[in-house]
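The structure under discussion appears below in the form of structure tokens.
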Amino acid sequence: MTKRGAVFGCLSALAISSLSAQTWKGTVVKQGDVVVVKNPKTPIYKDPILTLRVELTIGGGETKEPAMLGEISSLVVDSSERIYILDGTSLQVKVFDKSGRYLRSIGRRGEGPGEFMDPYRMMIDGRNNRLFVKDVKFGFVIFDSGGKHITNLSGDDARRSQNSAIDSRGSIILDSIKIQDMEHRWDVLKRFDAEMTAGEDIRFVDIGSPYNVAAPLVVWALASNDDIVFGYPDTYRVERMDFLGRIKRIIEKEHTPVALDAEDKARIAKAIASIPFPPESGQKGSFPMPQELAKKLGASKYRSAYRKIQVDDRNRLYVQTWQKRGDSFVTDIFDAEGRYMVEAVFPVRSEFFGDKLYAIEEDADGYPMVKRYSMQWIY
Numbered sequence: 078m079t080k081r082g083a084v085f086g087c088l089s090a091l092a093i094s095s096l097s098a099q100t101w102k103g104t105v106v107k108q109g110d111v112v113v114v115k116n117p118k119t120p121i122y123k124d125p126i127l128t129l130r131v132e133l134t135i136g137g138g139e140t141k142e143p144a145m146l147g148e149i150s151s152l153v154v155d156s157s158e159r160i161y162i163l164d165g166t167s168l169q170v171k172v173f174d175k176s177g178r179y180l181r182s183i184g185r186r187g188e189g190p191g192e193f194m195d196p197y198r199m200m201i202d203g204r205n206n207r208l209f210v211k212d213v214k215f216g217f218v219i220f221d222s223g224g225k226h227i228t229n230l231s232g233d234d235a236r237r238s239q240n241s242a243i244d245s246r247g248s249i250i251l252d253s254i255k256i257q258d259m260e261h262r263w264d265v266l267k268r269f270d271a272e273m274t275a276g277e278d279i280r281f282v283d284i285g286s287p288y289n290v291a292a293p294l295v296v297w298a299l300a301s302n303d304d305i306v307f308g309y310p311d312t313y314r315v316e317r318m319d320f321l322g323r324i325k326r327i328i329e330k331e332h333t334p335v336a337l338d339a340e341d342k343a344r345i346a347k348a349i350a351s352i353p354f355p356p357e358s359g360q361k362g363s364f365p366m367p368q369e370l371a372k373k374l375g376a377s378k379y380r381s382a383y384r385k386i387q388v389d390d391r392n393r394l395y396v397q398t399w400q401k402r403g404d405s406f407v408t409d410i411f412d413a414e415g416r417y418m419v420e421a422v423f424p425v426r427s428e429f430f431g432d433k434l435y436a437i438e439e440d441a442d443g444y445p446m447v448k449r450y451s452m453q454w455i456y
């Protein structure tokens, strides 16, 4: 195990004796039914306005079986604050109550009902009290709240999904990549019923050639009111849509692109060389990729505008950028109206559930653990 730890900058022990706020210098315009919020590079607050305090730790080197955690692939939290941790070493979901007490383990390695081969993500169906575990081979493996296996959803859309969430109606929302030809691939956001028997497109974006490994990828998050917060980070622009996919608000921000470094460029070149060409061959290095195409795909100079977006239960928007600070990345925080409030540094692997922040970290000896933080705002 590596000793990565978590970098909070000033957030883990904030001394907030004074705040330095300035007048917001952005603009708000109405384009038809859509509100467009344009933000400057500079936030409203120069000083921190958020305090994080550790209130729970699960795991670490002192933990004994069956609560011991291996490599953590994913975590989710349900409405009762039970914490579900996907252990990528044991291939089990380990469940803890809100006080951190171990409750049970769900699933195991294998190819039978309720078993996993390559699980990597989870989501909670609060309406129907179900846990979904995404497995590369089996699609969605579904359990009831007590850990009993119900069924698998193993259709193409389930198995190929990139990101997924379940809204308050029990609808399953996911996006997947569809390749059209050598110049076009589409990221398609769709909504399905609870059993994935019927689906409809919400949004689709042309993300360019399937060979372009450096192209930005769609990111999105589901808000507590079922709005979809959606971004294609070729520019710094985030859209807030209603559950039908109608755009309500667009949030933009001036930003300076982060340049690719030598390591990034080497990784991209290696990835391009390993792509099957032509795509239908399925064989690596079937034919030499045309030099013109290879040169075009390797011509990227900058990273995408941002890495990830999240939204909390107060509709604050968190946009994790590529700007490094220590071992982590700077996150831009926007209020519910879309105004750029402040920048902060969170653990790289962290998620908002309710009014808490949950982070996947490591202790001083490199053992995996989950920390829950309370969040106190002053503004």
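Following my numbering, the numbering of the sequence shown begins with 78 at its first residue and continues without gaps.
Beta carbons: idealized from backbone N, C-alpha and C, even for Gly.
Keep in mind the model is a prediction, meaning the values are calculated, not measured.
Within the same chain, and ignoring the five residues on either side of residue 255 in sequence, the residues whose Cβ sits closer than 7 angstroms to its Cβ are 262, 263, 265. For residue 383 against residue 398, the beta-carbon gap comes to about 5 angstroms, under 8 angstroms, which counts as contact. When Cβ pairs closer than 8 angstroms are counted between the two stretches, the region 399-412 is seen not to touch the region 101-113, the count staying below three. DSSP, read as helix, strand or coil, puts residue 350 in helix.
CA-CA distance, residue 129 to residue 315, rounds to 26 angstroms. Of the candidates 156, 162, 112, the residue whose Cα lies closest to the Cα of residue 448 is 162.
A distance below 8 angstroms separates the beta carbons of residue 216 and residue 231. Here residue 344 carries a helix assignment [DSSP, helix/strand/coil]. In this structure, DSSP gives residue 413 a state outside helix and strand, which the three-state scheme calls coil. Close CB contacts of residue 291 within its chain, under the 6 angstroms cut and outside five residues either way in sequence, are with 345, 377 (chain order). Taking C-beta separations shorter than 6 angstroms and ignoring five residues to either side along the sequence, the partners of residue 166 in its chain run 147, 148, following chain order. For residue 234, the enclosing alpha helix (DSSP H) has its first and last residue at 233-237. Residue nearest to residue 153 within the set 411, 305, 211, 351 is 211 (criterion: CA-CA distance). Within the region 279-314, the complete beta strand (DSSP E) runs of at least 3 residues fall at 296-299, 305-308.
Take the alpha-carbon of residue 203 and the one of residue 430: they are about 13 angstroms apart. With respect to residue 437, residue 298 sits apart: the two C-beta atoms are not nearer than 8 angstroms. Taking C-beta atoms under 8 angstroms as the contact rule, residue 301 and residue 390 qualify, at a distance of about 5 angstroms. Closest in alpha carbon position to residue 191, among 450, 179, 223, is 223. Classified as buried, residue 349 has 16 or more neighbouring CB atoms from the shown chains inside 10 Å of its CB. In the DSSP assignment, residue 104 falls within the unbroken beta strand (DSSP E) covering 104-108. Comparing alpha carbon positions, the residue from 336, 200, 213, 218 closest to residue 184 is 218.
Counting the other CB atoms within 10 Å of its CB gives residue 169 a total of 16 or more, which places it among the buried residues. Distances from the CA of residue 239 to each of 295, 381, 326 were compared; the closest alpha carbon is that of 295. Look at residue 144 here: in three-state DSSP terms it is coil, with no helix or strand label. Excluding the 5 residues flanking it on each side, residue 160 has same chain C-beta neighbours closer than 6 angstroms at 154, 173, in chain order.
Look at the beta carbons and you see the region 114-130 touching the region 329-336: at least three pairs across the two are nearer than 8 angstroms. Taking the C-beta atoms as reference points, residue 207 is found no nearer than 8 angstroms to residue 193. Taken through DSSP and simplified to helix, strand or coil, residue 271 comes out as coil. For a cut-off of 8 angstroms, the C-beta gap from residue 126 to residue 418 is around 7 angstroms, short enough to register as a contact. In the assembly as shown, residue 388 is a buried residue. Its beta-carbon has 16 or more other beta-carbons within 10 Å.
In this structure, the beta-carbon distance from residue 267 to residue 277 falls below 8 angstroms. As a beta-bridge residue in DSSP terms, residue 171 pairs with 162, 182. Excluding its 5 nearest sequence neighbours in each direction, residue 427 has C-beta neighbours in its own chain below 6 angstroms: 434, 436, listed in chain order. Annotation for residue 226: the continuous beta strand (DSSP E) segment containing it runs 226-230.
The beta carbon of residue 138 is closer than 6 angstroms to those of 440, 442, 444 in its chain, skipping five residues each way along the sequence.
Between residue 450 and residue 213, the C-beta gap is not smaller than 8 angstroms, which leaves the two residues out of contact.
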